[in-house]
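Below: the structure, in structure tokens.
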Amino acid sequence: MFKRALTTSLRFSSRFQQKKLPNFVAITGTTSLGIAFFGKSEEKKSAENVENAGISENLATGKPKNFDLIVSNADELYDNYLIDNCYNILKKFENSQCSELLWRLARVVCEKGKLCKDQKERQKLILEAYEIVKKALENEDREGSFGAHKWYAILLDYVGEIEGNKSRIEKSFQVKEHLEKALSIFEHDPTTWHILGLWHYSFANMGYATRMVAKAIFATPPASTYQEALHYFLKAEEISPGFYSTNTYYIGEVYEQLGQKQEAIDAFKQSFRMPVVTSDDAVIHKKAYEKLKKYGVKDAEVV
Numbered sequence: 001m002f003k004r005a006l007t008t009s010l011r012f013s014s015r016f017q018q019k020k021l022p023n024f025v026a027i028t029g030t031t032s033l034g035i036a037f038f039g040k041s042e043e044k045k046s047a048e049n050v051e052n053a054g055i056s057e058n059l060a061t062g063k064p065k066n067f068d069l070i071v072s073n074a075d076e077l078y079d080n081y082l083i084d085n086c087y088n089i090l091k092k093f094e095n096s097q098c099s100e101l102l103w104r105l106a107r108v109v110c111e112k113g114k115l116c117k118d119q120k121e122r123q124k125l126i127l128e129a130y131e132i133v134k135k136a137l138e139n140e141d142r143e144g145s146f147g148a149h150k151w152y153a154i155l156l157d158y159v160g161e162i163e164g165n166k167s168r169i170e171k172s173f174q175v176k177e178h179l180e181k182a183l184s185i186f187e188h189d190p191t192t193w194h195i196l197g198l199w200h201y202s203f204a205n206m207g208y209a210t211r212m213v214a215k216a217i218f219a220t221p222p223a224s225t226y227q228e229a230l231h232y233f234l235k236a237e238e239i240s241p242g243f244y245s246t247n248t249y250y251i252g253e254v255y256e257q258l259g260q261k262q263e264a265i266d267a268f269k270q271s272f273r274m275p276v277v278t279s280d281d282a283v284i285h286k287k288a289y290e291k292l293k294k295y296g297v298k299d300a301e302v303v
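Numbered according to the UniProt record's numbering, the sequence shown spans residues 1 to 303.
Spelled out as structure tokens, the structure:
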């Protein structure tokens with residue numbers, strides 16, 4: 001079903017999200033589509049102070065003391081791709097009942113897994129992250145947890161990938177359901193729109209063998225179109241222009257499939273020129289360059 005595209009740490013504007021927040025993928029790819037969900041605290045304190053914060057929970061909310069400070073610093077570290085530092089803050093909350101901390105812990109454990117070169121260790125961490133995010137979903141409050149649904153969908157697809165193509169297809173409708181639930185809670189997250197775009201692209205671009213497997217599993221197997229995938233990619237771009245090189249790259253992929261050559265080249269150029277920060281960015285940077293060479297675009301035209 002889905003093919004790997006990358007591992008990402010998406011850094012969308014925390015301040016923007018904080019304004020839009022209610023009060024409370026793969027999916028094609030090795031993408032860790034994580035975002036900072038809360039804004040930075042006005043009172044700037046170091047991560048060291050956070051690590052010394054009490055971890056006893058408020059029985060009414062399940063949140064530990066200094067919850068806002070913990071989240072603010074953990075998200076800032078994640079935004080800056082300081083994965084180990086972020087993990088060191090969040091790991092002490094693995095027995096917490098706080099959904100907002102648990103999905104963040106799942107996110108960073110997933111990222112640690114994707115950074116592993118050893119395949120067995122990678123799978124171990126992905127499965128660990130999946131168990132954590134399941135607990136986050138079980139403990140979401142009445143208003144729902146955007147991050148828990150989003151990361152449950154992402155990790156469910158990773159688990160399907162580990163288990164094999166048949167399992168991944170079987171889980172596909174549930175992946176889509178949780179992504180759509182995440183957007184129903186918070187609709188302004190570009191990465192969730194992007195992952196849904198990947199979902200639709202995957203089924204629009206499904207090969208014959210995969211399609212036969214899907215037909216064997218479902219009476220009505222998942223299906224989509226390139227136009228539908230483009231809608232989701234462009235919506236993500238509308239929310240946060242240039243937020244993610246992979247989203248821009250896949251806009252190019254869709255235009256290519258639709259026969260819109262110049263639009264595809266323009267998107268690949270834009271993707272290639274974007275900063276390379278994460279391992280995902282590096283993969284896409286290379287893929288965009290290969291696409292441009294295929295079209296005969298000279299280096300001087302893109303650098």
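Note that CB positions come from ideal geometry on N, CA and C, so glycine has one too. Given the structure is predicted, the values throughout are model-derived calculations rather than measurements.
When only Cα atoms are considered, K181 and A236 end up about 16 Å apart. By the Cβ criterion, the region 266-274 is not in contact with the region 208-220, since fewer than three pairs of Cβ atoms, one from each stretch, lie closer than 8 Å.
Residue range Q119 to E138 is occupied by the alpha helix (DSSP H) that includes L125. Between the alpha carbons of I83 and I239 lies a distance of about 26 Å.
Rounded to whole angstroms, the separation of the alpha carbons of E161 and E94 is 25 Å. Collapsing the DSSP output to three states places P241 in coil.
Taking C-beta atoms as the reference points, I284 and Y250 fail to come closer than 7 Å. In the displayed model, P64 falls within a strand according to three-state DSSP. In the DSSP assignment, G197 falls within the alpha helix (DSSP H) that extends over P190 to A204. Pairing G62 with W103 gives a Cβ-Cβ distance that is not under 7 Å.
In the structure shown, M274 falls within a coil segment according to DSSP collapsed to helix, strand and coil. By the neighbour-count criterion, in which 16 or more other beta carbons inside 10 Å mark a residue as buried, E100 falls on the buried side.
Per DSSP, the continuous alpha helix (DSSP H) segment holding G113 begins and ends at S99 to L115. CA-to-CA, the gap between V175 and L90 works out to about 25 Å. Nearest in C-alpha terms to E138, of all of S96, C110, N66 and E301, is S96.
Between the region 117-133 and the region 68-76 there are fewer than three C-beta pairs closer than 8 Å, too few to call the two in contact. The continuous alpha helix (DSSP H) containing L292 extends over residues S279 to K294. Counting the other Cβ atoms within 10 Å of the Cβ of M274 gives 16 or more, which makes it buried. Shown here, Q260 sits in coil according to DSSP, grouped into three states, outside any helix or strand. Non-local beta-carbon contacts of W151 in its own chain, meaning distances under 6 Å to residues more than five positions away in sequence, involve W103, A106, R107 and V133 in chain order.
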